[in-house]
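Taking it in order: structure first as structure tokens, then the write-up.
In UniProt numbering, the protein residues as written are 1 to 228.
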């Protein structure tokens, strides 16, 4: 298990809870707009042992409410269920951030009651999925994972990082049709971290973001823009 970083306090990553965020190294996707290049394409950066994370959480019992597992892609990590069990045994709620590429892992975690909240990245409309993922086709897996969450077994959200040239109102309408009736769906404006996985992407202007949101809302009326 490779842990690439730890945010010791966040009020943003876990809705409604004071949390810490654990960042896992490694991802099979190469989304050009991804701002976590050191996690997706690690080059010998220092990592944390799971025991160090658990020791930190032990000291924060009563001060933190939850733990976000993010990345990278956490479901690629061997031993993830065991780590979650240890985190939950300390009294923390657990939120998983995932790209949906490993639906069987997600299903197993849900079946075992190990997750309290799931946030799944929806990269784009189905016909543009592989393009948006840097040429990696995970659409069948993403569809299966999204269907699992739409069953409503735990609170969840879908979210799409939007940027030019990948996202337009037509694509957003197709996403809305796919996820029709979702409890929560957020558009997250792309921001250039200066250390992206790829290149050739640009942020959306406010008018463009509004047009994307308008295209989704006929299908997901609660859709909103986060972080604008």
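For each residue, glycine too, the CB sits at the ideal point set by N, CA and C.
Our two residues, residue 173 and residue 159, have alpha carbons roughly 14 Å apart in a direct line. Distance from the Cα of residue 101 is smallest, within the candidate group 146, 82, 80 and 112, for 146. Listed in chain order, the beta strand (DSSP E) runs fully inside the stretch 51-83 are 66-70, counting runs of at least 3 residues. For residue 164, no beta strand (DSSP E) segment is defined, and its DSSP state is neither H nor E.
One Cα belongs to residue 23, the other to residue 75, and the distance between them is close to 12 Å. Around the beta-carbon of residue 18, fewer than 16 other beta-carbon atoms lie within 10 Å, marking it exposed. Counting along the chain, no alpha helix (DSSP H) covers residue 13, and no H or E run does either. Residue state for residue 126 is assigned as helix, using DSSP reduced to three classes.
Excluding residues up to 5 positions away in sequence, 21, 23 and 97 lie with their Cβ nearer than 6 Å to the Cβ of residue 70 in the same chain. With contact defined as three or more Cβ pairs closer than 8 Å, the stretch 33-47 and the stretch 193-205 are in contact. Nearest Cα to residue 2 within the set 27, 184 and 13: 27. Across the structure, residue 224 and residue 216 are spaced so that their CA atoms are roughly 9 Å apart.
In this model, residue 128 and residue 220 are separated by some 20 Å (Cα to Cα).
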